[in-house]
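If you're matching positions, the sequence shown starts at -4 in the numbering used here and goes up one per residue. C-beta atoms are modelled at their ideal positions from N, C-alpha and C, and glycine is treated no differently. One structure below.
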Amino acid sequence: MNTSLQPVDQLVPGANLGAYVQAVSSIAVLSAERERELAEDLFYNENLEAARQLVMSHLRFVVHIARSYNGYGLAEADLIQEGNVGLMKAVKRFDPERGMRLVSFAVHWIKAEIHEFVLRNWRIVKVATTKAQRKLFFNLRSHKQRLGWLSQAEAEAVAEDLGVAVTEVQRMEGRLSAHDLAYDNTLDSDDDDAWQAPANYLEDGRQDPARLLEDADWQQSSESQLRAALQDLDERSQDILAQRWLTEQKATLHELADKYGVSAERIRQIEQNAMKKLRGYIEA
-4 MNTSLQPVDQ
6 LVPGANLGAY
16 VQAVSSIAVL
26 SAERERELAE
36 DLFYNENLEA
46 ARQLVMSHLR
56 FVVHIARSYN
66 GYGLAEADLI
76 QEGNVGLMKA
86 VKRFDPERGM
96 RLVSFAVHWI
106 KAEIHEFVLR
116 NWRIVKVATT
126 KAQRKLFFNL
136 RSHKQRLGWL
146 SQAEAEAVAE
156 DLGVAVTEVQ
166 RMEGRLSAHD
176 LAYDNTLDSD
186 DDDAWQAPAN
196 YLEDGRQDPA
206 RLLEDADWQQ
216 SSESQLRAAL
226 QDLDERSQDI
236 LAQRWLTEQK
246 ATLHELADKY
256 GVSAERIRQI
266 EQNAMKKLRG
276 YIEA
């Protein structure tokens, strides 16, 4: 069947999903010989029309795969769109000399794009970041749909089946069972449950004008006290503290000992006595 006869809007899942599914289902499946001809034309000649026909003839297959992910609460049209992206990537990389049908090669790319979309959008907080966690995420969901909340024995069986630790299974199960919480109050919330919305208790007080003014006053007061306390010390003690604490390249005890012609232990004692005087002056 000539796919160019299909209305453009019917080949976009988001426009009218029912019409789209009907349209792609009416596109004829390619024979093995015709598929190889098109694949060779694309691979060797970079014929974009051949690529278009390969993609169009496999859109129904994407719909079939995408529908198996409906349990994640995401729009089916979005899942199909992501799967279509995977299909196009597969067509671009398909080598007809491998001796396999395009559908066998494309299934990995289609599922990979849908997996990424699910993990990106299923929760605000990512539930799986590593390859092992992603495998566990999708496999554990299928197990839980059959078993419900896992017992210890079932968790151990799943862990053995997937080749992961039992603690990983239990941790992922907790993530799957959690729910995102709306930041603001819902329209039907009342005073009894309004406190649960994060907007009521996640206030960021770092930019509060009163706190900023208080911090600035405290900083200014502390600096004034420190300057006054330093001026109350003798010049040698001031220099030792400055060299040990107020410069980017701090001097060592031995360097200061050579400078003043005393032992390193004596420099340490002067430093400690000066610090003790400063604390007493500031705390008074």
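Does residue i pass the burial test, meaning 16 or more other C-beta atoms within 10 Å, or should it be called exposed?
| i | result |
| --- | --- |
| Leu207 | exposed |
| Glu30 | buried |
| Leu241 | exposed |
| Glu77 | buried |
| Ala23 | exposed |
| Ala211 | exposed |
| Arg93 | exposed |
| Tyr64 | buried |
How many angstroms separate the CA atom of residue i from the CA atom of residue j?
| i | j | result |
| --- | --- | --- |
| Arg280 | Ala269 | No information on residue 280 is available, as it lies outside the stretch -4 to 279 that the chain covers here. |
| Leu142 | Asp156 | Interpretation of Leu142 is limited by its pLDDT of 46, a score under 50 that renders its predicted location unreliable; the figure taken from the coordinates is listed afterwards. Leu142 and Asp156: Cα-Cα distance of roughly 15 angstroms. |
| Ala237 | Val257 | 18 angstroms |
| Ala152 | Leu82 | 34 angstroms |
| Glu286 | Asp253 | Beyond the ends of the chain as shown, which are -4 and 279, falls residue 286; an answer cannot be given. |
| Leu114 | Glu108 | 10 angstroms |
| Val16 | Lys106 | 19 angstroms |
| Asn42 | Asp36 | 6 angstroms |
| Ile119 | Glu278 | Unreliable placement is indicated for Ile119, whose pLDDT of 44 sits below 50; the coordinate value is still reported in the next sentence. Spanning the two alpha carbons is a distance of roughly 48 angstroms. |
| Phe307 | Ala160 | The question about residue 307 has no answer, for the chain in this structure spans -4 to 279. |
| Gln214 | Leu251 | 30 angstroms |
| Ala246 | Arg239 | 5 angstroms |
| Ser232 | Lys271 | 12 angstroms |
| Ala14 | Lys87 | 27 angstroms |
| Leu51 | Asn116 | Leu is not the amino acid found at residue 51; the sequence shown has Met there. Using only the alpha carbons, I get a separation of about 27 angstroms. |
| Leu25 | Asn40 | 20 angstroms |
| Ala154 | Thr162 | 9 angstroms |
| His110 | Gly158 | 20 angstroms |
| Glu243 | Arg166 | 46 angstroms |
| Tyr255 | Ser216 | 33 angstroms |
What does a CB cutoff of less than 8 angstroms around residue i pick up in its chain, not counting 5 residues either side in sequence?
| i | result |
| --- | --- |
| Ala27 | Arg96 |
| Pro91 | Arg31, Ala34, Glu35, Phe38 |
| Gln220 | Tyr276, Ile277 |
Beta carbon of residue i, beta carbon of residue j: below 8 angstroms?
| i | j | result |
| --- | --- | --- |
| Phe89 | Ala34 | yes |
| Leu54 | Val19 | yes |
| Ala148 | Val164 | no |
| Ala70 | Ala85 | no |
| Glu266 | Ile235 | yes |
| Ala205 | Leu273 | no |
| Tyr276 | Asp227 | yes |
Within a Cβ cutoff of 7 angstroms, which residues of the same chain sit near residue i, ignoring the five residues on either side of it in sequence?
| i | result |
| --- | --- |
| Ile75 | Pro8, Val57, Val58, Ala61 |
| Val98 | His53, Phe56 |
| Leu248 | Ala259, Ile262, Arg263 |
Please return the same chain residues whose Cβ sits closer than 6 angstroms to the Cβ of residue i, not counting the five positions on each side in sequence.
| i | result |
| --- | --- |
| Gln48 | Leu33 |
| Trp104 | Gly81, Lys84, Ala85 |
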